[in-house]
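What follows is a single structure, written as structure tokens, with notes after it.
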């Protein structure tokens with residue numbers, strides 16, 4: 034049995050096969066790869082694209098999806114062992130995962146960090162607990178990484194450039210301002226997949242405080258060593274954008290201030306000029322722009338950038354449907 038928790042756990046040939054299958058599912062909308070199969074989609078956080086694409090993907094391949102929201106339409110779940118459960122939680126993950134696995138063939142989990150203590154959140158305990166106790170494959174629908182978004186992003190880039198070989202492309206993952214400190218999940222994942230595909234990757238962020246967790250920086254270094262390409266960190270906007278083939282934008286909070294955001298806010302507020310705009314995109318090599326969505330216009334990127342032919346964010350969002358079909362079908366063998 035294989036889970037889909039991070040793309041880093043899958044070999045490059047396996048990822049290439051998933052992308053090829055996703056491209057096929059994009060051409061052939063309906064199929065029977067999940068006929069008679071079912072998936073429980075467990076959402077601890079809100080969703081629009083993820084829920085819609087997983088539900089539709091299962092349906093279009095002949096399967097059935099059940100949506101559960103613990104604490105809303107399902108019982109609140111406890112994840113710590115040894116806890117005396119006399120508080121708000123009604124049942125333990127040890128029972129939840131094993132019972133669901135008796136009902137369904139796949140389990141998808143979406144659980145954002147608690148934003149209190151990064152040393153705790155980085156352990157990804159909700160996702161890892163489902164994987165520990167489940168006897169069916171578990172899919173990460175976004176926790177502290179977002180592997181389904183990675184594949185959708187990769188497929189969109191392959192389609193745009195007309196090739197599955199993205200080596201030699203200059204890729205800029207740029208931090209952008211947001212009024213709230215956000216999860217680093219998509220940034221972690223974008224860094225992972227871009228280096229995995231052998232691109233020349235620059236992580237552009239305002240200060241060293243906004244560099245990502247050492248785990249994902251380490252993955253990037255390892256991927257570059259194995260796949261080619263390069264990896265660098267920059268705090269200079271113009272040099273990072275210069276000659277870029279891909280600009281991928283995301284907002285995230287600085288990890289040194291995790292759970293203590295008041296001191297971080299004035300720092301973040303000083304860098305609103307990191308917005309992706311026409312001047313910056315003009316520095317690129319006719320570069321393509323994308324974002325995972327949702328995106329606050331004229332905060333993260335201007336209207337002109339979002340509405341330009343260079344923006345492939347909608348294509349990337351569509352591809353969530355196709356890559357998730359590929360993942361579900363692969364896990365079903």
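Residue numbers (my numbering): 34 to 366. Where a beta carbon is used, it is the ideal one built from N, C-alpha and C, also for glycine. None of the values given here were measured: they were computed from a predicted structure.
Subject >> the segment 289-304 touching the segment 139-153, judged by at least three CB pairs closer than 8 Å >> reply: yes
Original post:
In chain order, what residues of the same chain have a beta carbon less than 8 Å from the beta carbon of residue 303, not counting five sequence neighbours either side?
Top reply: As a working mapping, residue 303 is identified with position 270 in the chain shown. Correct list, in chain order: 239.
Original post:
Any idea what DSSP makes of residue 208, helix, strand or coil?
Top reply: Working through the chain shown from its first residue, we reach residue 208 at position 175. Note: residue 208 maps to strand in three-state DSSP.
Original post:
Relative to the C-alpha of residue 243, which residue among 217, 257, 254 and 196 is closest?
Top reply: Here the question's residue 243 lines up with position 210 in the chain shown. Looking at the Cα atoms, 217 is the closest of the given residues.
Original post:
So, is residue 219 buried or exposed, given that buried needs 16 or more other C-beta atoms within 10 angstroms?
Top reply: Along the chain shown, one-based indexing puts residue 219 at 186. Label assigned to residue 219: buried.
**OP:** For residue 201, count neighbouring C-beta atoms within 10 Å of its own C-beta (all shown protein chains included) and say buried if the count is 16 or more, exposed if not.
**Re:** Counted from its first residue, the chain shown places residue 201 at position 168. Exposed: under 16 other Cβ atoms inside 10 Å.
**OP:** Measure the Cβ-Cβ separation of residue 36 and residue 129 and say whether it is below 7 Å.
**Re:** As a first step, residue 36 must be located in the chain shown, where it is residue number 3. As a first step, residue 129 must be located in the chain shown, where it is residue number 96. No, these two residues do not count as a Cβ contact at 7 Å.
Original post:
What first and last residue would you give for the alpha helix (DSSP H) that runs through residue 56?
Top reply: For this step, residue 56 is matched to residue 23 along the chain shown. 45-60 is the extent of the alpha helix (DSSP H) around residue 56.
Original post:
When burial is assigned at 16 or more other CB atoms within 10 Å of the CB, is residue 88 buried or exposed?
Top reply: As a working note, residue 88 is residue 55 in the chain shown. So residue 88 counts as buried.
Original post:
Does the count of Cβ pairs from the segment 350-363 and the segment 58-71 closer than 8 Å reach three?
Top reply: yes
Original post:
Could you give the residue range of the beta strand (DSSP E) that holds residue 236?
Top reply: On the chain shown, residue 236 is found 203 positions in, with the first residue counted as 1. Element bounds for residue 236: 233-237.
Subject >> Integer-rounded CB distance, given that residue 334 should sit under 8 Å from residue 273 >> reply: For the purposes of this step, residue 273 is taken as the residue at position 240 of the chain shown. For the purposes of this step, residue 334 is taken as the residue at position 301 of the chain shown. With a Cβ gap of about 16 Å, residue 273 and residue 334 do not count as contacting.
Original post:
Do residue 230 and residue 199 have their CB atoms nearer than 7 Å?
Top reply: Counting from 1 along the chain shown, the entry for residue 230 is found at position 197. Counting from 1 along the chain shown, the entry for residue 199 is found at position 166. For residue 230 and residue 199, yes; Cβs fall inside 7 Å.
Subject >> Spatial distance of residue 268 from residue 192 (CA atoms) >> reply: Looking up residue 268 in the chain shown gives position 235. Looking up residue 192 in the chain shown gives position 159. About 30 Å.
Subject >> Contacts around residue 352, its chain only, beta-carbon distance under 6 Å, and the 5 residues preceding and following it disregarded >> reply: Translated into the one-based positions of the chain shown, residue 352 becomes position 319. The residues are 185, 188 and 189.
Subject >> Segments assigned beta strand (DSSP E), at least 3 residues, entirely inside the segment 57-120 >> reply: 71-76 and 97-101
Original post:
How about the segment 128-147 and the segment 158-172: do they share at least three Cβ pairs that are nearer than 8 Å?
Top reply: yes
**OP:** Please work out which residues of its chain come closer than 7 Å, Cβ to Cβ, to residue 138, disregarding the five sequence neighbours upstream and downstream, and give them in chain order.
**Re:** Position 105 of the chain shown, counting from 1, holds the residue named residue 138. Closer than 7 Å at Cβ, skipping near neighbours: 70, 71, 72, 169 and 365.
Subject >> In chain order, each alpha helix (DSSP H) run of at least 4 residues that lies wholly inside the segment 281-344 >> reply: 297-302, 311-315 and 336-339
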